[in-house]
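Residue numbers (this note's numbering), protein chains in the order written: chain A, 10 to 183; chain B, 203 to 437; chain C, 938 to 1356.
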């Protein structure tokens, strides 16, 4: 894990290499791990630079819903440097009314199914993804279940006393 | 409160002492005749009305229905339908410790057309429900379904948007509780189903509390048709 | 492939979005007449769970495999947001249903990192014992079902015989055979009972012999060699770019194991090796997993021999329930017990990702806490979900039979894939 100073150095390096604004919005060192909060439109360049630095393995790509703080939808990329056993986290946040972000699948093939899952569960649209469709829910499902304002749902448990209402049967109980 | 006195023990008029000479005389006469101490004669020596009674008591006659029910119940062909964790415990009943082959049920058929028992083992998600229904429809009559585990009986631990209890889209004969149920529990469920098919259903608590007649039976037409409004995906 | 018009079934209409155009382009339009797309439906005797594959075949040769998943999607992550931290453990355990101790270890490790609570050494050793037993059990089920797929049916009974012994041990320590809720935040729920150590030692002593028997049956078997040797190899670089970890990566020759590379839970105190393959074909994957069983036995033996004395769960009463005998005498213990059972402990806000080495690869748990007593997000990075992406790369250009063998060697557990 890069320690706090190492993390700041990485952030500065990324800022220097980028032309114009720094892609890094924030750094956070928490419980021994470094996290970079990055602009959504610069995610591919940031990941490419981190790959050059040695973080060549993407462990995980997942979404978070920061409801009620805007920008609500977050995508978290966990990178791993196998040679030095070093992990770093890259986060981006996109608002719910414009949840578009570049897909990193062309450079990181492991992101294929994982980005589809984030799309399915949160509604984040990944531009440039070869095959963005729902992966866990049925194709014609409406709604994005993992968002915090989506209800957990559930069925009433069927006992004999509520059997007919719960199953939606309209014939007479015999 | 009425009190009634009755002699018991040695003075009871209904008690026959084996030391009674008359009884011993009777016993020896029966033995001489070729019977046994209970007074039953060897069938070869019976004649007439006694012979008819003997045949009625000891030879099994039955209706064709009962014979067929006996054959069906002793040869379930379960369909391999493992969905989630309960599938591993279902595999355990095929394994050697709880050996389902003792009962004749080890022939798990992969094709639903050849199976007659659907052991739904695991959680049925909304994507899977129409497929389960299709498999169940492809099975030929007579067919039975066991809902194994809490998840398919009643969504179990996960009462959320993604799961459907099996009762909503198909008729289930036996529910086996557990998460996952032990292989012995599943075996108990299968044996209960076997008794049901033999037309000798295990009344369970109704037997113990003398509550026969309190069962609610759904009319057969309602049991086999798809309940309106319950089937969400129209497959 | 042109679907029959105009009567498309509801089913096909919903799947219009799945396009096979890239494969057709690749092989030239003229050859599309020869291509057959077959549906290995979710209900199939050879798929390990409800995995659906759309296989495009040219004769018997597989040209593309498109896995379609989601048939056992349970909404575990959503359910976990609705429950107190302690109550999430049984929910999360049911994800990858063959490695339940690993699921709970990843989650408990993440929460313990957030809470900064220290797990006592005895609890860590007990966790290691149970995890290694679970690893052996998972590999046994894998071996039994894979041999079943290949046709070596009797392996199923042998492997499940050993599995029953392991489940007896689990039942001894926690009361349940599967999904035991044994790991809690801060340690383990209960200390092992008397007799557990003896039974465990007996099992560990005879397990290597049993594994030798499995090897004797399968290692030099002509059919196993023909079906597994040289089929569907994939090099380590492609696997790394696909995010594959675990025995699949090690079979390709890349010695990456989180127990050695990034030790957690006292794994650095044990002496064990990592089996690594050479070619990366199906036979190496089989051999790696078989060898891992021996190593797990060694680790469990060392953990049992060196089991330290001490508490089995953290002494921090704000996180772990006090022992019941204290409830009669201490008022604070009663209050702690009440608060923990009704509301649960509160976790300071933050996000953490805790990876461990499960039998299938890197199992990571991401927990985001917003300061309340319920987690705001629990995400399990399941190894099978990521490993499944390698199916298409592995099986391109091989036969259907090789596809079945590769699926078996891939060891996908659909509960983890679909969560």
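For every residue, glycine included, the Cβ atom is placed at its ideal position computed from N, Cα and C.
| Query | Result |
| --- | --- |
| Apart from the five residues on each side of it in sequence, which residues of its chain come closer than 7 Å, Cβ to Cβ, to residue 139 of chain A? | 114 |
| Of all Cβ atoms in chain A, is any one closer than 7 Å to the Cβ of residue 1019 of chain C? | yes |
| Nearest chain C C-beta to residue 173 of chain A closer than 7 Å, yes or no? | no |
| Check each residue of the segment 121-147 of chain A: if its Cβ is closer than 9 Å to any Cβ of chain B, include it; give the result in chain order. | 145, 146 and 147 |
| State the CB to CB distance for the pair residue 317 of chain B and residue 281 of chain B, rounded to an integer number of angstroms; the pair is presumed to be in contact (CB under 8 Å). | 4 Å |
| Using the Cα positions of residue 1143 of chain C and residue 1213 of chain C, report the straight-line distance between them to the nearest angstrom. | 24 Å |
| Against chain A, which members of the segment 1000-1014 of chain C pass a CB distance test of less than 7 Å? | 1006, 1007, 1010, 1012 and 1014 |
| Between residue 1269 of chain C and residue 1257 of chain C, what straight-line distance do the alpha-carbon atoms span, to the nearest angstrom? | 13 Å |
| Name, please, each residue of chain F whose Cβ falls closer than 7 Å to the Cβ of residue 1023 of chain C. | Of the protein chains in the structure, A, B and C, none is chain F. |
| Report yes or no: is there a C-beta of chain A within less than 7 Å of the C-beta of residue 357 of chain B? | yes |
| At least one CB of chain A closer than 7 Å to the CB of residue 890 of chain C: is that the case? | Within the shown structure, residues of chain C are numbered from 938 to 1356, placing residue 890 of chain C beyond reach of any answer. |
| Beta-carbon separation of residue 271 of chain B and residue 399 of chain B under 7 Å? | yes |
| Measure the C-alpha to C-alpha separation of residue 363 of chain B and residue 160 of chain A and round it to an integer number of angstroms. | 8 Å |
| Return helix, strand or coil for residue 345 of chain B, following the three-state DSSP convention. | coil |
| Got a sec, what are the start and stop residues for the beta strand (DSSP E) residue 1314 of chain C sits in? | 1314-1318 |
| What residue range is occupied by the uninterrupted alpha helix (DSSP H) comprising residue 1042 of chain C? | 1037-1052 |
| Helix, strand or coil for residue 95 of chain A? Go by DSSP, reduced to three states. | strand |
| Going by the DSSP bridge assignment, what does residue 1003 of chain C pair with across the sheet? | C:991 |
| Taking the straight line between their C-alpha atoms, what separation do you get for residue 1033 of chain C and residue 1315 of chain C? | 15 Å |
| Am I right that residue 1056 of chain C and residue 1253 of chain C are in contact with their C-beta atoms under 8 Å? What's the rounded C-beta distance? | That pair is no contact at about 10 Å. |
| In angstroms, rounded to a whole number, what distance separates the CA positions of residue 59 of chain A and residue 109 of chain A? | 22 Å |
| Excluding the 5 residues preceding and the 5 following residue 1278 of chain C in the sequence, name in chain order all residues of the same chain whose CB lies nearer than 7 Å to its CB. | none |
| At least one CB of chain C closer than 7 Å to the CB of residue 276 of chain B: is that the case? | no |
| For the segment 350-368 of chain B and the segment 994-1001 of chain C, state whether three or more C-beta atom pairs, one from each stretch, are separated by less than 8 Å. | no |
| Assuming the contact rule is C-beta atoms closer than 8 Å, residue 1220 of chain C and residue 1165 of chain C should be a hit. Round their C-beta distance to whole Å, please. | 4 Å |
| Would a C-beta distance cut-off of 7 Å place residue 1218 of chain C and residue 1167 of chain C closer than the cut-off? | yes |
| In whole angstroms, what separates the C-alpha of residue 144 of chain A from that of residue 991 of chain C? | 14 Å |
| Residue 283 of chain B touches chain C at which residues, Cβ-Cβ below 8 Å? | 980 |
| Please tell me whether residue 394 of chain B has its Cβ less than 7 Å away from any Cβ of chain A. | no |
| Can you pull the chain A residues whose beta carbon is under 8 Å from the beta carbon of residue 366 of chain B, in chain order? | 164 |
| Would you list, in chain order, the members of the segment 1279-1312 of chain C that have their beta-carbon closer than 8 Å to a beta-carbon of chain A? | 1287, 1288, 1289, 1290, 1292, 1299, 1301, 1303 and 1305 |
| Whole angstroms is fine: what's the gap from residue 1241 of chain C's alpha carbon to residue 1262 of chain C's? | 28 Å |
| What are the start and end residues of the beta strand (DSSP E) that includes residue 1294 of chain C? | 1287-1295 |
| If the criterion is Cβ atoms closer than 7 Å, does the pair residue 1043 of chain C and residue 1291 of chain C meet it? | yes |
| Quick one: which chain B residues come within Cβ less than 9 Å of residue 1035 of chain C? | 287 and 290 |
| Just list the residues that DSSP pairs residue 1399 of chain C with in beta bridges. | Nothing about residue 1399 of chain C can be reported from this structure: the residues present for chain C run from 938 to 1356 only. |
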